[in-house]
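First up is the structure itself, then whatever we jot down about it.
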Amino acid sequence: MKVSRAAINFGLDATLLALFLTTVWITSVVRFAFPPGPEAAGWRLWGLGYDGWSRVSFGCHGILTLAVLLHLVMHWDWVCGFVTTRLARRRGGRPTYAGMNDGAKTLYGVGLLIATLTVLGGLLFLAVISVESPV
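Numbering-wise (the working numbering), the sequence shown opens with residue 1 and increments by one.
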């Protein structure tokens, strides 16, 4: 049985919604059910302490991120067309998207992903070298 692209998109969108709601709920548990930081030592909810729930939250964020990337990959053709059309209108020209081959679109996508990860990695590095330990 062949599954249609629309059915795959619907399934991915439903999964994204479920992951988003789960992430919001877990983040809210960590933020509102537990006391802040060191005061949460010893507190437990359903067998997990503050650190356990923080790890679950981070895992959910990671899975949500991967699902969003998959969603973006599945809609990359639309994204390229939209951006190309908008840029062409701004410059007063005609969109050149129709002539863009799949290789070029893939290179733009990979380049954007690399640039995004580089910025995020740089910000993480900045945070790691800037954090101050207590005296």
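Think of the CB as a built atom: it goes at the ideal place given N, C-alpha and C, for glycine as much as any other residue. Please read these numbers as outputs of a predicted model, since none were measured by experiment.
From the listed residues Val68, Leu70, Val24 and Val30, the smallest Cα separation to Asp51 is found for Val30. For Val30, there is no enclosing alpha helix (DSSP H), since its DSSP letter is neither H nor E. Check the Cα spacing between Ile63 and each of Leu19, Leu112 and Val110: the tightest is with Leu19. Boundaries of the alpha helix (DSSP H) harbouring Ser54: Tyr50 to Met74, taken from the DSSP string. Apart from sequence neighbours up to five positions away, the residues of its chain that approach Thr27 with a beta-carbon distance below 6 angstroms are Ser57, ordered along the chain. Shown here for Ser133: not one same chain residue has a beta carbon closer than 8 angstroms to its own, the five before and five after excluded.
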